[in-house]
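With the numbering used here, the residue at position 373 of the sequence shown is 358, and numbering never jumps. Note that CB positions come from ideal geometry on N, CA and C, so glycine has one too. Some notes on the structure that comes next.
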Amino acid sequence: MIRARRICVTAVAVLAVLAGSPGLAQAEQPHESGLLSATNDDPLPPGWRIDGEGGTRELVWRAPKAVPMGDARVEFRTGDRRLGVPKPARDGRTFRLALGETRPEQLTGLQVTAAGRRLDAAADDPHRSGSPVAGMPAQAPANGVDPGRPGSYRTVTGEYALDPVRLPGFGAPVEMTAEVVAPKGATGSRPLALFLHGRHHSCYKPGSENDVTGDWPCADGYKPIPSHKGYLRDQQLLASQGYVTVSISANGINAQDQEAEDAGAQARSSLVRQHLARWADWTAHRSSAPAVVREAAKADLSQVLLVGHSRGGEGVNRAAMDSLYAPPAAEDGYRGPVRWKVRGTVLIGPTAYGRNPVADVPSVTLLPGCDGDVSDLQGEDFVDGTRGISQGTALHSAVYMVGANHNYFNSEWTPGEAVAPARDDFGTDPEQPDPVCTPGAATRLTAAQQHQAGATYIAAAARLFLAGDDRVRPLLDGSGKRAPSADPARVLTHAVGGRRSGGFLPDGGAKVTGARLCSAIDPDPAVTCLDPETLGSSPHFAEWQMQQETGRSAVDLKWSAPGTAAHVTPAEPLSLHGSQKLALRLFVPPNTTGTKLDVSVTDSSNRRVTLGTVRVDGLPGSANTASYWAQELRVPLSAATRAGLDLRHVTSLEVTPRSRSGRVWLMDAWGWAPGTSAVKAAALPRVDVGRTIVKEGDSGTRTYRIPVEISGHGSGQVRVYVLDPDSGRAENRLVTVRPGSDAIDVPVEVKGDTVYGDDAEHDIVVKAVRGAVVGKHRGGLTVENDDPEPVITLSPVADRVTEGETLIWRLSVDAPTAVDIWTPVRVLPVTGGAELSTKDVDPQWLRDWSGDVPEPERPLSDANLWVWLNIPPGSTSVDFVVPTVRDQVTEPTESMRLARTDRNAEPLPDRPALTGTVLDKP
-14 MIRARRICVT AVAVLAVLAG SPGLAQAEQP HESGLLSATN DDPLPPGWRI
36 DGEGGTRELV WRAPKAVPMG DARVEFRTGD RRLGVPKPAR DGRTFRLALG
86 ETRPEQLTGL QVTAAGRRLD AAADDPHRSG SPVAGMPAQA PANGVDPGRP
136 GSYRTVTGEY ALDPVRLPGF GAPVEMTAEV VAPKGATGSR PLALFLHGRH
186 HSCYKPGSEN DVTGDWPCAD GYKPIPSHKG YLRDQQLLAS QGYVTVSISA
236 NGINAQDQEA EDAGAQARSS LVRQHLARWA DWTAHRSSAP AVVREAAKAD
286 LSQVLLVGHS RGGEGVNRAA MDSLYAPPAA EDGYRGPVRW KVRGTVLIGP
336 TAYGRNPVAD VPSVTLLPGC DGDVSDLQGE DFVDGTRGIS QGTALHSAVY
386 MVGANHNYFN SEWTPGEAVA PARDDFGTDP EQPDPVCTPG AATRLTAAQQ
436 HQAGATYIAA AARLFLAGDD RVRPLLDGSG KRAPSADPAR VLTHAVGGRR
486 SGGFLPDGGA KVTGARLCSA IDPDPAVTCL DPETLGSSPH FAEWQMQQET
536 GRSAVDLKWS APGTAAHVTP AEPLSLHGSQ KLALRLFVPP NTTGTKLDVS
586 VTDSSNRRVT LGTVRVDGLP GSANTASYWA QELRVPLSAA TRAGLDLRHV
636 TSLEVTPRSR SGRVWLMDAW GWAPGTSAVK AAALPRVDVG RTIVKEGDSG
686 TRTYRIPVEI SGHGSGQVRV YVLDPDSGRA ENRLVTVRPG SDAIDVPVEV
736 KGDTVYGDDA EHDIVVKAVR GAVVGKHRGG LTVENDDPEP VITLSPVADR
786 VTEGETLIWR LSVDAPTAVD IWTPVRVLPV TGGAELSTKD VDPQWLRDWS
836 GDVPEPERPL SDANLWVWLN IPPGSTSVDF VVPTVRDQVT EPTESMRLAR
886 TDRNAEPLPD RPALTGTVLD KP
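This is the structure in structure tokens:
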């Protein structure tokens, strides 16, 4: 029984990536022929079907080739609605998602995406970027200090392997293996930098070209992929400069995080803190440390930098959070004291599934311009998402690296350098090369150039956050300086926090005139900041988990003649006192040049001063890149000071276009001053959403509440989204939270019945707004169906007819259900006598059910007739009819065989095939 915005990548390009990717063990091979349809009148797209076993309907998509294991989650969508995250099969091609209460008629506009990138289909003219691709951005002036230069220390390298640890929710233990590179002979205690790699295949077969798996532990004949050794060059650079470094392995998490609601963020945090706890032990008791740790300089656990790549980036962000604000004990894989202090994080092409950055821990986020994995560059939220959350003194920097892909920051994910099979995640289409990111393009970096640039900016973060050297800040904070060691890479930066003040933010009650106040995520094209049909995307507007999100806005100014000013008036006057410049974060469409804007401010006495003019060019971009990214532009406040403007009471910001036409999006504007602020984490409340699983019961109505834990200190505000399980739409409300309170109170009514149905999930999503942090952002109540499955039978209604009449079989259930019941049947070859041919049945029926045509004439079982029959809710049967046609040819008696099958189109062994007979017309 079977129970029932875009970054465009051409199908050819996707298949090119898939064809060149490491193959996976072929464990599940559904039959590829036949109509995979919801109903005969409303077919699902090719490659889709509704399937299921064990009491759960599933939506199934089968890719033409194996989808490489990566960091971006594969998601099913229907139109603007996110259906959920499907589970991959071992073949790497088949993906399954429990449908819950989603009805087949709701499955319109199906899509498969990963970080906004389509995996299942091509878009029209996907490489058209709207204008010629721009050249490389101009080379910025060199900074006075270059952190990419090796230091003077000799280094020691070695590995340690400890007993594995068990983490909540993970069946197999996770390894405690790490690679250490440290200065040798350095005096005193040295800062510690810990690296965590992202999600990649876990095992490979030595000597093979493409035999990799996502298993853990590795099967016999396979070896663990040493992803943790992919940052050796970065570690060697830091160690030569006096830092102790350790890169930890997380294959055991990568192999199991598909089942984790948070994609493994809490597990990765637990693993990071397990290693830090060992280092704290070894610092206190050197004799107990592994040999390489004893040989290295002593680590200073009060000075820790966490570096994470992709899902590892989100993992170290969570580790920084958990080190300040304790997670729920039941969810945590580390229970000991915090004997370290995280001074900063470096996040390389990170995922941001939780949208929960740690506002009071400084960060640098590297955004690769040619990322083919986390291609929407959602990690921008680790900058944007910190605004207004806490004190605003921690610097949060975004580093946009033109021409860098996702994988080449790790040499073990780089072809020609890795011991295991590796690939270029961006992928190439020889027929339609991407103008920005195809290898060999002027804007694309080589693997060596990219890795060197990445190492340089990791070292810049270490020097700023650990060594406190403010001279490297201009490389990170939007000051427009470059590190020559990173040449020829073109690197642009912007930042929030630090010594910024004021803040013209489109959110929070600001009034906008002369332009449009737009929303980052909204299904209405008239409201959303970037039209869904726009080719390419913006990291600032990366989709999250709702069709509509509150509190993420920008100012959209479009003009066809110069002089039309946009005014942003905050709810209360702002103070720019003590600032040297006004820093604006804004962007223009990719590949455009020469946009000029005058910038003016007005004070509470209505005095207006034009501060100066800024000029901005778009980033190099294509339909496949997230190049709508804000650059930081600054104008001095000296004109305002000379004019006597009251900078303590600035009431409005005015942006006036001086170009003939154009478009610009303003993210925010701040008062800026040089220097680095001292950072002290505020005492904040922490919110974690749990999950409760209940049985529906046979009668009565019970009310449950979604479990939410509020811990920590103080009070703050979060936004709670309550997701409708049927439509996927969300209602939201702003909630003030305090430790120990039940401020987030979401009741769910569960009605018992004796009718077979689906499990249902009633979920909420929580996001910090002000003065709070959010750990586990999503959870809810799962209501399990506890009624027995119906008994399904296939029986003949009319199985002996004369040609021109209709063969009929009836699929029946023994009792009505509350859900659609889907069952596949297949036409099999006959075992004796003549078989009905493709010309013996109605040709339109044949096209409708198999997509096939009668010619050339052949047995009906050769016509791909594997169909899925649906018994709707409340019904008890559906008929499968085969209309035959009368001809003038004298023929023997003919027959056809029909059988129920499993999901792979194989006949069920305990269900005999039924035979229908057609007699020749006398």
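- In the DSSP assignment, the residues bridged to T554 are K496.
- Taking the Cα of L332 as reference, the smallest distance to any Cα among S137, Q533, A446 is reached at A446.
- Where R66 is concerned, the enclosing beta strand (DSSP E) starts and stops at 66 to 69.
- Under DSSP, the beta-bridge partners assigned to F180 are S232, V292.
- In the displayed model, Y385 falls within a strand according to three-state DSSP.
- Close CB contacts of A658 within its chain, under the 7 Å cut and outside five residues either way in sequence, are with R484, G563, S564, Q565 (chain order).
- Under DSSP, A783 shares a beta bridge with I793.
- Under the three-pair Cβ rule at 8 Å, the stretch 253 to 266 counts as touching the stretch 313 to 333.
- Between A471 and G133, the C-beta spacing is below 8 Å.
- Judged by DSSP secondary structure, T808 falls outside any alpha helix (DSSP H) and instead within the beta strand (DSSP E) spanning 806 to 813.
- Going by C-alpha positions, P420 is about 10 Å away from G120.
- A distance below 7 Å between beta-carbons, with the five flanking residues on each side excluded, links N770 to the following residues of its chain, in chain order: G40, E681, Y741, G742, D743, D744.
- Minimum Cα-Cα distance from E842 among the listed residues E820, P732, N609 corresponds to E820.
- A direct Cα-to-Cα measurement between G660 and V150 gives close to 42 Å.
- The beta-bridge partner set that DSSP reports for A800 is empty.
- For D285, the secondary structure class from DSSP, reduced to helix, strand or coil, is strand.
- In the DSSP annotation of this structure, the continuous segment of the alpha helix (DSSP H) that includes G439 starts and ends at 432 to 450.
- Between Y310 and V720, the C-beta spacing is not below 8 Å.
- The three-state secondary structure of P828, taken from DSSP, is helix.
- Out of S696, D711, V735, the CA that lies nearest to the CA of R690 is found in V735.
- With a threshold of 16 other beta carbon atoms within 10 Å, K752 meets it and is buried.
- The beta carbon of P312 sits closer than 6 Å to the beta carbons of G760 from its chain, once the five residues preceding and following it are set aside; these are given in chain order.
- Between the C-alpha atoms of R832 and V838 there is a straight-line separation of about 6 Å.
- Considering only A284, S234, E246, V776, the residue with the shortest C-alpha distance to A224 is A284.
- A direct Cα-Cα distance of roughly 22 Å separates R66 from G364.
- Note on geometry: alpha-carbon atoms of W834 and L850 lie some 7 Å from one another.
- The beta carbon of S212 sits closer than 6 Å to the beta carbons of H182, H185, E397 from its chain, once the five residues preceding and following it are set aside; these are given in chain order.
- In this structure, V635 places its C-beta atom within 8 Å of the C-beta atom of V586.
- Exposed is the label assigned to P191, since fewer than 16 other Cβ atoms lie within 10 Å of its Cβ.
- The DSSP-derived three-state label of N717 is strand.
- Residue burial annotation: A146 is exposed, with fewer than 16 other C-beta atoms found within 10 angstroms of its C-beta.
- DSSP places L261 within a helical segment (H, G or I) once states are collapsed to three.
- Separation of the CB atoms of M881 and V812 is rounded to 6 Å, and the pair is thereby assigned contact status at 8 Å.
- Here H762 really is in contact with G339; their C-beta atoms are around 4 Å apart, less than 8 Å.
- The C-beta separation of S232 from K208 comes to about 18 Å, leaving the pair out of contact by the 8 Å criterion.
- The continuous beta strand (DSSP E) containing T767 extends over residues 763 to 769.
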